[in-house]
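See below for the structure under consideration.
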Amino acid sequence: MRNFKLSIMDVYLVRELITPFFFSVGIFSALGVTIGTVSDLSYKIVNSNLAFISAIQIFCLKIPEYIAYGLPISVLLTTLITYSRLSKDSELVALRSCGVSIFRLVTPALILSLFVTVLTFIFNELIVPNANYQATTILVEQLNEQRQFLLRKDIFYPEYVEVKEDNGQNYKQLKTLFYAQEFDGENMQSLTILDTEKKGLNKVILSERGTWNNKQQVWDLFNGVIYDVKTNPFVAKESFFQERQFPLSKTPLELAAKSRDPYEMNIVQSEEYIKLLRLLGDEKNVLMFQVRTAQKISFPFICIIFALVGSSLGCLPNTASKATSFGLCVAIVFGYYFISFFIGSLGLIGFLSPFMAAWIPNLCGLLIGIYLLFKPNFA
């Protein structure tokens, strides 16, 4: 097999693709961030007294997310417009008459899409999650907004222990129930800890604040009281303390510190958070995070599929104008996101595995792209 070499045709096609690609990225990113952010921020400035400087910060922090969304769509529109123009001007006919196959013609578009796939993955992993988290943090601090996965108040953590029955079967029994009224980023405030054992409630601990002692792997509790109800639950023995250590895992701190929306985590953070959710037995959110994580992995590869579909459609004879190409691009994107939403929902309810829920839309797009690529060859 001969080694692939960059020919004059490749350089020409890449040049034709580059300019509309950057133009498309700018257009789609600007449209996305304007439609998705500006109206909401304007409402918050007027009705919720969001500071204008904070709104500007949030606007800037949301730009990477919409760039990441715009990259695959830009690949689709770029390939549609470029190959449609080449077909309309009979340049593709001239190249085909010289013996250039349709596969060779779309190769530059696929190579470009590979680079965009890597760029999309980098954006989604290194830039977008942290930017989204900072934007959320600003809203929470300024407007005291409650977010589903942002644990700053009412932090619960039940710790279980496996108990073996006389018949040899194991079951989980509640060992400790931890509750903190608030987490300020370093300390847990207003703690209530229920310490239980096999026969029932043992101690109730109330503490003004608690801090994780990483060196000794225990919790340091400050300014509190211990109610000993082991002997008689109706007559509690009180013992006050200024500082006391309590043996409990670090999980409550990790839950509060690492809790984020799935779109505010990269893949590594999502996998770590899934492990914490499993400790809590929260299977519903475990499944949801598994589906979202799988979708994060599959999403960048839509760039390659959009390049295949766009270039194949563009190579068809009698292709239409740029306006029609734009309309076709919108229809394809809408169709893809509709299928992705529908299949993803099946994954969230457990009908499909997270892997299938994430990759079936891409597989459908790939099959359509291959069909369109073969269609002009057989015409």
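Quick note: the sequence shown uses our numbering, first residue 1, plus one each step. Yeah, the Cβ is synthetic: ideal placement off N, Cα and C, and Gly gets one too.
Taking the alpha-carbon positions, what's the Met-208 to Ala-257 distance?
Mapped onto the sequence shown, residue 208 falls at position 208. Mapped onto the sequence shown, residue 257 falls at position 257. Looking at the sequence itself, residue 208 is Glu, so the reference to Met does not match. The straight-line gap from Cα to Cα measures roughly 19 Å.
For Ala-51, which of helix, strand or coil comes out of DSSP?
The sequence position of residue 51 within the sequence shown is 51, counting from 1. In this structure, Ala-51 counts as coil in the three-state DSSP scheme.
Roughly how many angstroms separate the alpha carbons of Leu-31 and Gly-369, rounded to a whole number?
Taking the sequence shown and counting its residues from 1, one reaches residue 31 at position 31. Taking the sequence shown and counting its residues from 1, one reaches residue 369 at position 369. A straight-line Cα-Cα distance of about 27 Å links Leu-31 and Gly-369.
Return the CA-CA distance between Leu-346 and Phe-301, expressed in angstroms with no decimal places.
Reading the sequence shown from its first residue, position 346 is the one you call residue 346. Reading the sequence shown from its first residue, position 301 is the one you call residue 301. Taking the straight line joining both Cα atoms gives about 21 Å.
Keeping to the same chain, check which residues put their C-beta closer than 8 Å to that of Ile-274; ignore five residues upstream and five downstream.
Residue 274 sits at position 274 when you count from the first residue of the sequence shown. The answer, listed in chain order, is Val-286, Phe-289, Gln-290, Thr-293.
Assuming Phe-299 is part of the alpha helix (DSSP H), what are its boundary residues?
By 1-based counting over the sequence shown, the position of residue 299 is 299. Looking at the DSSP string, Phe-299 is not in any alpha helix (DSSP H), and its letter there is neither H nor E.
For Met-9 and Phe-22, I'd like the C-alpha separation in whole angstroms.
Start at 1 with the first residue of the sequence shown, and residue 9 comes out as number 9. Start at 1 with the first residue of the sequence shown, and residue 22 comes out as number 22. Between Met-9 and Phe-22, the C-alpha separation is close to 21 Å.
Under the three-state reduction of DSSP, which class applies to Ile-63: helix, strand or coil?
Within the sequence shown, residue 63 is the residue found at index 63, counting from 1. If DSSP states are grouped into helix, strand and coil, Ile-63 belongs with the helices.
Could you give the uninterrupted runs of the alpha helix (DSSP H) lying entirely in the region 65–129, keeping only those of 4 residues or more?
91–97, 102–122
Going along the chain, which residues of its own chain have a beta-carbon closer than 6 Å to the beta-carbon of Gly-210, five neighbours each way excluded?
The count along the sequence shown starts at 1 and reaches residue 210 at position 210. For Gly-210, where only same-chain residues beyond five positions count, the Cβ hits under 6 Å are Met-188, Leu-191, Trp-219, Leu-221.
What residues match up with Phe-240 in a beta bridge as DSSP calls it?
Start at 1 with the first residue of the sequence shown, and residue 240 comes out as number 240. Val-225.
Using beta-carbon positions only, say whether Glu-423 and Lys-172 come within less than 8 Å of one another.
Lying outside 1 to 379, the shown extent of the chain, residue 423 is not represented and no answer is given.
Name the DSSP beta bridge partners of Thr-211, please?
In the sequence shown, the residue the question calls residue 211 occupies position 211. Per DSSP, Asp-220.
Could you check the C-alpha separation between Leu-80 and Leu-308 for me, to the nearest Å?
Taking the sequence shown and counting its residues from 1, the one referred to as residue 80 is at position 80. Taking the sequence shown and counting its residues from 1, the one referred to as residue 308 is at position 308. Whole-angstrom Cα-Cα distance: 10 Å.
Which residue's Cα is closest to the Cα of Ile-35: Leu-367, Ile-53, Leu-13, Ile-63?
The residue labelled residue 35 in the question sits at position 35 within the sequence shown. Among Leu-367, Ile-53, Leu-13, Ile-63, the Cα nearest to that of Ile-35 belongs to Ile-63.
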